[in-house]
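Going by UniProt numbering, the letters in the sequence shown line up with residues 1 to 71, in that order.
All residues carry an ideal CB built from backbone N, CA and C; glycine is no exception.
Quantities reported herein were computed from a predicted structural model and do not represent experimental measurements.
To start, the structure under review is shown below, and the notes come after it.
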Amino acid sequence: MNANQIISMIGRMVMRRLISRGVNAGIDTAFGKGKAPKDMTPEERQQARSAKKTSRQAKRAMRVARRAGRL
């Protein structure tokens, strides 16, 4: 492996982490942090659980899309 390949590999690793962090931050911002569970009504708690589940699914979908993009 020559120096150019090593530098490129490190650059890709750093970019992948930065992009992942940015995507996660964007998803968290879009779905919001919400209130504490003790301050919520039962309906709000259910909605918060649903939003958290949707957020997890969106993150998984983004991961799959990034993997598919590499192929």
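Candidates the options, of which the one nearest residue i by Cα
i	options	result
T54	M15, A36 and I27	I27
K59	G11, G22 and P37	G22
K38	A61, N4, A48 and M13	A48
R66	R16, S8, I6 and E44	R16
Residue i, DSSP secondary structure in three states
i	result
M9	helix
N2	coil
Presumed contact (8 Å Cβ cut-off) between residue i and residue j, rounded CB distance
i	j	result
F31	A51	5 Å
Every unbroken alpha helix (DSSP H) within the UniProt region "Disordered" (27 to 71), with a cutoff of 4 residues, ordered by chain: Within the UniProt region "Disordered" (27 to 71), the complete alpha helix (DSSP H) segments at least 4 residues long are 42 to 70, listed from N- to C-terminus.
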